[in-house]
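Read through the structure below, which is laid out as structure tokens, and then see the notes.
Numbering (the UniProt record's numbering), first residue to last: 1 to 483.
The following block contains the structure:
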């Protein structure tokens, strides 16, 4: 079945995410992606492509969540082909354009119409149209305008349970699974957010209460939760699986070492790499792999430095970049994990030590590390890691220092930072955006509630859901809001 889009029709008008196992494919099978990013579903892969002016095709690999962006196709006019076994979609003419114009642009529009069934084609950075007329007219208009997409925060339904130190996972059905956390007691409860209704519903409880655990969405759609803590000196090596079809949790193999404050990364082969953390006795440099097929964990190569509260980022080549963290002091080191060899190699160190920071993989393949604590003060500086050189360079600083904030890469390629703290009981409601093309941060609308230890999730509709956390004067929060 061939679906042909009208000239100028935005690719997002086709709900590709509704087609089972949908997969974009480059029309020239030998062309190489200019970058790859990890996305939760094919729709967000589309958004990632639309956010890059040079992107005219994308390939989404569902088992690995790998989204490849291409800049060469059959012609320069923006043809996009999506291959879904027997179903394909072509944009056969017209210009692809970004999701939301936010800058001043100059557009030149040429209209050509002939007779009663003619087509009017507009080449512009912002729009294209089709029309029918009964006359013949040719005209050219040039105009300059500034169109700003005004973003704001709106409150949405409250969670059933207030929580901080929880996890939030985007399920393949589009729901958001929030699990565990702490609100004065350790929690084993879980609930689901439905973006269509803006409401939360409870789902099955985990077998163990836990906070500071990890959560990973597997290729089969299940969610793996591992480690964490549920009491003083009670650190967990247990792991369990959430089944979205039944809403239930089942135990799976235990990790070899109890750990919290670790990271978990889903590798291109579908296994999950858990790295570092703390086990109540010492900080860890060990790492282990979860095999979804067998439900077992095996040890893999150890890092050169033990650490917790670090970040782990998946690079374009499939390597895992671990940066910063804490181990008796704050760290500036970085290491790379090679999933093919199971070994670690050191790479360039950051200029500043930091822990409890964020790391975001950009569409250009660079990794943005922002904020955190350097064990003396809180940090507003940000740095970029270049995988091609193994080096870090400073980029623009945020407007305020913050740690325990969240970072979300938006469809247009910018990075949204929300909340966090920069002092005792000083919980931030501010938010700011990083523009990779300029290296500049700009403040955006503030959240309705200051919060840290919260989560942020990008929904299928492109909105960002922020949930829970610790609030100024309000204790642990059950509120949630949308950007």
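Backbone N, C-alpha and C fix where the C-beta goes; we use that ideal spot for every residue, glycine too.
Practice problem: Answer yes if the stretch 382-392 comes into contact with the stretch 343-351, meaning at least three C-beta pairs across the two stretches below 8 Å, and no otherwise. | Solution: At 8 Å Cβ cutoff, the stretches touch.
Quiz prompt | Bridge partner(s) assigned by DSSP for residue 156 | solution = Beta-bridge pairing links residue 156 to 480.
Quiz item: In terms of alpha-carbon separation, which member of 232, 267 and 284 lies closest to residue 256?
Solution: For residue 256, the closest C-alpha among the options 232, 267 and 284 is that of 284.
Quiz item: Does the stretch 452-466 come close enough to the stretch 167-177 to have 3 or more Cβ pairs within less than 8 Å?
Solution: With a cut-off of 8 Å on Cβ pairs, the stretch 452-466 is in contact with the stretch 167-177, counting three or more such pairs.
Quiz item: What residue from 268, 195 and 184 has the CA that sits closest to residue 164's CA?
Solution: Measuring C-alpha to C-alpha distances from residue 164 to each of 268, 195 and 184 identifies 184 as the nearest.
Quiz item: Near residue 203, which residues of its chain fall below 7 Å by C-beta distance, leaving aside the five closest residues on each side in sequence?
Solution: Within the same chain, residue 203 has close Cβ partners 190, 191, 192 and 247.
Practice problem: Along the beta strand (DSSP E) that carries residue 189, what are the first and last residues, could you check? | Solution: From DSSP, residue 189 is part of no beta strand (DSSP E); its letter is neither H nor E.
Practice problem: May I have the straight-line CA-CA distance separating residue 309 from residue 374, to the nearest angstrom? | Solution: So the alpha carbons of these two residues sit roughly 12 Å apart.
Self-check item: Between the CA atoms of residue 198 and residue 158 - distance to the nearest angstrom
Solution: Whole-angstrom Cα-Cα distance: 9 Å.
Quiz item: Between which two residues does the beta strand (DSSP E) containing residue 290 stretch?
Solution: In the DSSP assignment, residue 290 falls within the unbroken beta strand (DSSP E) covering 287-291.
Quiz item: To the nearest angstrom, how far is it from the Cα of residue 162 to the Cα of residue 168?
Solution: One C-alpha to the other measures close to 14 Å.
Quiz prompt | Nearest candidate by alpha-carbon position, reference residue 259, set 212, 433, 267 and 298 | solution = Among 212, 433, 267 and 298, the Cα nearest to that of residue 259 is on 212.
Exercise. Compare the C-alpha of residue 181 against each of 196, 210 and 299 and name the closest.
Key: With distances taken between Cα atoms, residue 181 lies closest to 210.
Practice problem: Drop a sphere of 10 angstroms on the beta-carbon of residue 281, count the other beta-carbons inside from all chains shown, and report buried for 16 or more, exposed for fewer. | Solution: Classification for residue 281: exposed.
Self-check item: residue 45, DSSP secondary structure in three states
Solution: In the three-state reduction of the DSSP assignment, residue 45 falls in the helix class, which pools H, G and I.
Quiz item: How should residue 220 be labelled, buried or exposed, when 16 other C-beta atoms within 10 angstroms of its C-beta is the threshold for buried?
Solution: Looking at its Cβ environment, which holds fewer than 16 other Cβ atoms inside 10 Å, residue 220 is exposed.
Exercise. Check each candidate in 241, 437, 320 and 330 and name the one with the smallest Cα separation from residue 268.
Key: Ranked by Cα distance from residue 268, the first of 241, 437, 320 and 330 is 320.
Quiz item: Can you tell which of 462, 322 and 354 has the C-alpha that lies nearest to the C-alpha of residue 332?
Solution: Ranking 462, 322 and 354 by Cα distance to residue 332 puts 354 first.
Quiz item: What three-state label does DSSP hand residue 66 in the structure shown?
Solution: In the displayed model, residue 66 falls within a strand according to three-state DSSP.
Self-check item: Contact under 8 Å by Cβ, residue 401 with residue 447
Solution: No, Cβ-Cβ distance for residue 401 and residue 447 is not below 8 Å.
Quiz prompt | Helix, strand or coil at residue 352 [DSSP, three-state] | solution = Three-state result, residue 352: coil.
Quiz item: When we look at the beta-carbon of residue 394 and count the other beta-carbons within 10 Å, is it buried (16 or more) or exposed?
Solution: So residue 394 counts as exposed.
Quiz item: Using the C-alpha atoms, what's the distance from residue 291 back to residue 229?
Solution: Cα to Cα, residue 229 sits roughly 23 Å from residue 291.
Practice problem: With DSSP collapsed to three states, give me the class of residue 435. | Solution: It is a strand residue.
Quiz item: Which residues in the same chain as residue 153 place their Cβ atom closer than 6 Å to its Cβ, once the five residues preceding and following it in sequence are excluded?
Solution: Excluding sequence neighbours, residue 153 sits near 445, 447, 448, 481 and 483.
Quiz item: Could you give the residue range of the beta strand (DSSP E) that holds residue 386?
Solution: From DSSP, the beta strand (DSSP E) with residue 386 extends over 382-386.
Quiz item: What are the start and end residues of the beta strand (DSSP E) that includes residue 440?
Solution: DSSP places residue 440 inside the beta strand (DSSP E), whose first and last residues are 440-444.
Quiz item: Which one of 427, 429, 422 and 433 has the shortest CA to CA distance from residue 416?
Solution: Nearest of 427, 429, 422 and 433 to residue 416, Cα basis: 433.
Quiz item: If residue 214 sits next to residue 287, beta carbons under 8 Å apart, how far is it from one beta carbon to the other, in whole angstroms?
Solution: In this structure, residue 214 and residue 287 do not form a Cβ contact; the two beta carbons are roughly 12 Å apart against a cut-off of 8 Å.
Quiz prompt | Check whether residue 471 and residue 477 have beta carbons under 8 Å apart | solution = Their beta carbons are under 8 Å apart, which means residue 471 touches residue 477 by this criterion.
Self-check item: Of the listed residues 341, 397, 272 and 406, nearest to residue 356 (C-alpha basis)
Solution: When only C-alpha atoms are compared, the closest one is 406.
Quiz item: Shortest alpha-carbon distance to residue 337 belongs to which of 327, 329, 317 and 352?
Solution: Of the listed residues, the one whose Cα sits closest to residue 337 is 317.
Exercise. Reducing DSSP to helix, strand and coil, say where residue 470 ends up.
Key: Residue state, collapsed to three classes: strand.
Self-check item: Beta-carbon spacing of residue 381, residue 397 below 8 Å
Solution: Yes, they are a contact pair.
Quiz item: Would DSSP call residue 182 helix, strand or coil?
Solution: In the structure shown, residue 182 adopts extended strand secondary structure according to DSSP, grouped into three states.
Quiz item: Using the C-alpha atoms, what's the distance from residue 272 back to residue 364?
Solution: The straight-line gap from Cα to Cα measures roughly 24 Å.
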